[in-house]
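Trainee: Here it is, the structure, as structure tokens.
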């Protein structure tokens, strides 16, 4: 690709005109402190605000690079540590292939109003941006070449298209020839990482916990056989509604979750270590957002993106068993690394469909099912992790109705559903709550078959799977 000009001004360039880490300089009257992020394998460096978090690729995708996350996400209605960009070397692509890749990408999403624009990247390189792609947030993809190397840059924005922050990231990039190879990293290929089993000792515990769960399910009413009911007609036109009375919804973890047994985390502190020696607990985030900070998952009523207003993030130990929130058929299982990575922040995730409902469980260390498989209450769909971003291990879970799917099976649009009744398996009726007296772990309803359910939901409630 050729170099063009003029370059963007410092007011738009997010950090390229700012100082190195530890120094100060005014930008529009605001003092800016930056950090330099560089990768000698990708051949990329960029100066970004010092509080942005950096996540290098944990496995080998068909590109190699790193992602940037902004902790100020909630101020614009997003997820804390919300995604800004993924910047990667497309080591399998040649410059002459870019135009074909762009045309192919636009042809695969005919239902979206995609736009193609020419953009300035780095020190005057000409790139091609495709905006309006589906994902967890509005997403654009940029292809640019520097000599014989091709870079693929994903940008998340509050609204479709490239905003000032996105253009600033593009302008701030500096490219140089890599000094190390991708192969020298010895990263596990994504296809292998997606289906990795836990270590043998953990796997033995997982199998034991799954067997105990199956026994409890049999004693507590068995497994529901019916297909989920469609919502009443009034609900079908709404972009959110409460869980219908006949809908099955279950907790997604079991006693392999030892999160409260001396487990130390970066963001969590001691608050999560309230049940030492008593595995199987997790916390309800409440109807209005994520456990990691209320109102992180705020999107609803968007026809072109993944709606997650009532998503919950359940704290979970790494490699703990994860079960489907609803029974049904697997429609997606794995990592998004194909064309655009708009769902990159979900990491390894699984989508299960039953009638018009879809459940999504994300951030898994690895998956244990494939598309087309039938899964029930006792089916392990994967193992808990923190893939997709710079956060602690947890299981992101939500249910929606009437979603559409992209050409390769990723859900978007539809109506988000909030829980009114959640079936637990290994729960009990005599837990006093946390040390501050908040919440309780007792089930609220036990039907004639012996099945147990939670019906009270609020932020900080402790639950047993």
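Numbering (the numbering used here), first residue to last: 760 to 1224.
All residues carry an ideal CB built from backbone N, CA and C; glycine is no exception.
In this text, all values refer to a predicted model and were calculated from it rather than measured experimentally.
Return helix, strand or coil for residue 1151, following the three-state DSSP convention.
Mentor: If you number the chain shown from 1, residue 1151 lands on position 392. Looking at residue 1151 - three-state DSSP - the assignment turns out to be coil, as it is neither helix nor strand.
Trainee: Return the chain-ordered ranges of every alpha helix (DSSP H) run that is complete within the stretch 1037-1093 and spans a minimum of 4 residues.
Mentor: You should have found no qualifying run.
Trainee: If you drop the 5 nearest sequence neighbours on each side, which residues of the same chain put their C-beta closer than 6 Å to that of residue 939?
Mentor: Residue mapping note: residue 939 aligns to position 180 of the chain shown, counting from 1. Contacts found: 799 and 800.
Trainee: Please determine if the stretch 794-813 and the stretch 821-829 are in contact, where contact requires at least 3 C-beta pairs separated by less than 8 Å.
Mentor: Yes, the stretch 794-813 touches the stretch 821-829.
Trainee: Closest by CA to residue 1043, which one among 1003, 894, 1111 and 1157?
Mentor: As a working mapping, residue 1043 is identified with position 284 in the chain shown. Checking every option, the nearest Cα to that of residue 1043 belongs to 1157.
Trainee: By alpha-carbon positions, which one of 1057, 1075, 841 and 1078 ends up nearest to residue 1068?
Mentor: Position 309 of the chain shown, counted from the start, is the residue given in the question as residue 1068. Nearest option by C-alpha distance: 1057.
Trainee: Using a 10 Å radius around the Cβ and a threshold of 16 neighbouring Cβ atoms, would you call residue 1102 buried or exposed?
Mentor: To locate residue 1102, count along the chain shown from 1; it is residue 343. It is buried - the Cβ of residue 1102 has at least 16 other Cβ atoms within 10 Å.
Trainee: Taking the alpha carbon of residue 1001 as the point to measure from, which residue in 1186, 829 and 1180 has its own alpha carbon closest?
Mentor: On the chain shown, residue 1001 is found 242 positions in, with the first residue counted as 1. Closest by alpha carbon: 1180.
Trainee: Would you check if the distance between the CB atom of residue 1119 and the CB atom of residue 894 is smaller than 8 Å?
Mentor: Within the chain shown, residue 1119 is the residue found at index 360, counting from 1. Within the chain shown, residue 894 is the residue found at index 135, counting from 1. No, the Cβ-Cβ distance between residue 1119 and residue 894 is not below 8 Å.
Trainee: Thinking residue 1016 and residue 1075 are a contact (beta carbons under 8 Å), I'd like their distance in whole angstroms, please.
Mentor: Start at 1 with the first residue of the chain shown, and residue 1016 comes out as number 257. Start at 1 with the first residue of the chain shown, and residue 1075 comes out as number 316. With a Cβ gap of about 5 Å, residue 1016 and residue 1075 count as contacting.
Trainee: Could you check the C-alpha separation between residue 1160 and residue 1115 for me, to the nearest Å?
Mentor: Translated into positions along the chain shown, residue 1160 becomes position 401. Translated into positions along the chain shown, residue 1115 becomes position 356. Whole-angstrom Cα-Cα distance: 6 Å.
Trainee: Give the straight-line distance between the Cα atoms of residue 1182 and residue 967, rounded to the nearest whole angstrom.
Mentor: Taking the chain shown and counting its residues from 1, the one referred to as residue 1182 is at position 423. Taking the chain shown and counting its residues from 1, the one referred to as residue 967 is at position 208. Going from the Cα of residue 1182 to the Cα of residue 967 covers about 21 Å.
Trainee: Note down, in chain order, each residue of its chain lying with its Cβ closer than 7 Å to the Cβ of residue 1092, except the 5 sequence neighbours on either side.
Mentor: For the purposes of this step, residue 1092 is taken as residue 333 along the chain shown, with counting starting at 1. Closer than 7 Å at the Cβ level, and outside the excluded window around residue 1092, lie 1109, 1126, 1128, 1129 and 1130.
Trainee: Quick check on residue 857: does DSSP put it in helix, strand or coil?
Mentor: Here residue 857 refers to the residue found at position 98 when the chain shown is read from its first residue. Helix at residue 857.
Trainee: Counting C-beta neighbours from all protein chains within 10 Å, is the total for residue 1169 16 or more, i.e. buried, or is it exposed?
Mentor: If you number the chain shown from 1, residue 1169 lands on position 410. So residue 1169 ends up on the buried side.
Trainee: Tell me the DSSP secondary structure of residue 863 in three-state form.
Mentor: Residue 863 sits at position 104 when you count from the first residue of the chain shown. DSSP places residue 863 in helix when its eight states are reduced to three.
Trainee: Kindly indicate which three-state DSSP category residue 999 falls into: helix, strand or coil?
Mentor: Taking the chain shown and counting its residues from 1, the one referred to as residue 999 is at position 240. Residue 999: strand per DSSP, three-state reduction.
Trainee: So for residue 961, helix, strand or coil by DSSP?
Mentor: Here the question's residue 961 lines up with position 202 in the chain shown. Note: residue 961 maps to helix in three-state DSSP.
Trainee: Classify residue 853 as buried or exposed, calling it buried when 16 or more other Cβ atoms lie within 10 Å of its own Cβ.
Mentor: Sequence index remark: in the chain shown, residue 853 carries index 94 (1-based). Its Cβ having fewer than 16 others within 10 Å, residue 853 is exposed.
Trainee: Kindly indicate which residue of 848, 902, 1153 and 898 has the alpha-carbon position closest to the one of residue 942.
Mentor: What you label residue 942 is simply residue 183 of the chain shown in a count that begins at 1. Residue 848 is the option with its Cα nearest to residue 942.
Trainee: Below 6 Å CB to CB, which residues in the same chain sit around residue 782 once its five sequence neighbours on both sides are set aside?
Mentor: The count along the chain shown starts at 1 and reaches residue 782 at position 23. Below a pLDDT of 50, predicted positions are generally treated as unreliable, and residue 782, at 38, falls in that range; the measurement from the model is reported next regardless. There are no such residues.
Trainee: Out of 1083, 1151, 1100 and 881, which has the shortest C-alpha to C-alpha gap to residue 1167?
Mentor: Residue numbering aside, residue 1167 sits at position 408 when the chain shown is read from its first letter. Taking only the C-alpha atoms, the option nearest residue 1167 is 1100.
Trainee: Answer yes or no: do residue 1063 and residue 1107 have a C-beta to C-beta separation smaller than 8 Å?
Mentor: Translated into the one-based positions of the chain shown, residue 1063 becomes position 304. Translated into the one-based positions of the chain shown, residue 1107 becomes position 348. No, Cβ-Cβ distance for residue 1063 and residue 1107 is not below 8 Å.
Trainee: Where residue 1072 and residue 855 are concerned, what is the direct C-alpha to C-alpha distance, given to the nearest angstrom?
Mentor: Residue mapping note: residue 1072 aligns to position 313 of the chain shown, counting from 1. Residue mapping note: residue 855 aligns to position 96 of the chain shown, counting from 1. Approximately 43 Å, taken between the alpha carbons.
Trainee: Could you give the C-beta distance for residue 1143 and residue 1081, rounded to a whole number, given that I count them as a contact under 8 Å?
Mentor: Translated into positions along the chain shown, residue 1143 becomes position 384. Translated into positions along the chain shown, residue 1081 becomes position 322. Indeed they touch by this definition, with Cβ atoms about 5 Å apart.
Trainee: Would you mind giving the Cβ-Cβ distance between residue 897 and residue 870, rounded to the nearest angstrom? I have them listed as a contact below 8 Å.
Mentor: Here residue 897 is taken as the residue at index 138 of the chain shown, counted from 1. Here residue 870 is taken as the residue at index 111 of the chain shown, counted from 1. Wrong, their Cβ atoms sit about 16 Å apart, outside the cutoff.
Trainee: Mapping DSSP to helix, strand and coil, what is residue 1121?
Mentor: Within the chain shown, residue 1121 is the residue found at index 362, counting from 1. In the structure shown, residue 1121 sits in a strand (DSSP, three-state: E or B).
Trainee: In its own chain, which residues sit with a C-beta less than 8 Å from the C-beta of residue 907, not counting the 5 before and 5 after it?
Mentor: Residue 907 sits at position 148 when you count from the first residue of the chain shown. Cβ neighbours of residue 907 beyond the five flanking positions: 853 and 854.
Trainee: What is the DSSP secondary structure of residue 914, counted as helix, strand or coil?
Mentor: For the purposes of this step, residue 914 is taken as the residue at position 155 of the chain shown. If DSSP states are grouped into helix, strand and coil, residue 914 belongs with the strands.
Trainee: Over what stretch of residues does the beta strand (DSSP E) that includes residue 988 continue unbroken?
Mentor: If you number the chain shown from 1, residue 988 lands on position 229. Note, residue 988: premise wrong, no beta strand (DSSP E); not H, not E.
Trainee: For residue 966, which three-state DSSP category applies?
Mentor: To locate residue 966, count along the chain shown from 1; it is residue 207. Of the three classes helix, strand and coil, the one that applies to residue 966 here is helix, per DSSP.
Trainee: So, using beta-carbon positions, are residue 1135 and residue 982 closer together than 8 Å?
Mentor: Residue mapping note: residue 1135 aligns to position 376 of the chain shown, counting from 1. Residue mapping note: residue 982 aligns to position 223 of the chain shown, counting from 1. A contact, by the Cβ cut-off of 8 Å.
Trainee: Measure the CB-CB distance between residue 843 and residue 928 and report whether it falls below 8 Å.
Mentor: For the purposes of this step, residue 843 is taken as residue 84 along the chain shown, with counting starting at 1. For the purposes of this step, residue 928 is taken as residue 169 along the chain shown, with counting starting at 1. In this structure, residue 928 lies closer than 8 Å to residue 843 by Cβ.
Trainee: Measuring only the C-alpha atoms, how far is residue 1207 from residue 1088?
Mentor: For the purposes of this step, residue 1207 is identified with residue 448 of the chain shown, where counting begins at 1. For the purposes of this step, residue 1088 is identified with residue 329 of the chain shown, where counting begins at 1. C-alpha separation (whole angstroms): 28 Å.
Trainee: Please classify residue 863: is it buried, with 16 or more other beta-carbons within 10 angstroms of its beta-carbon, or exposed?
Mentor: As a working mapping, residue 863 is identified with position 104 in the chain shown. Label assigned to residue 863: exposed.
Trainee: With a threshold of 7 Å (Cβ to nearest heavy atom), would residue 1176 be considered close to the ligand MG?
Mentor: The ligand MG is not among the ligands present in this structure, which contains no ligands whatsoever.
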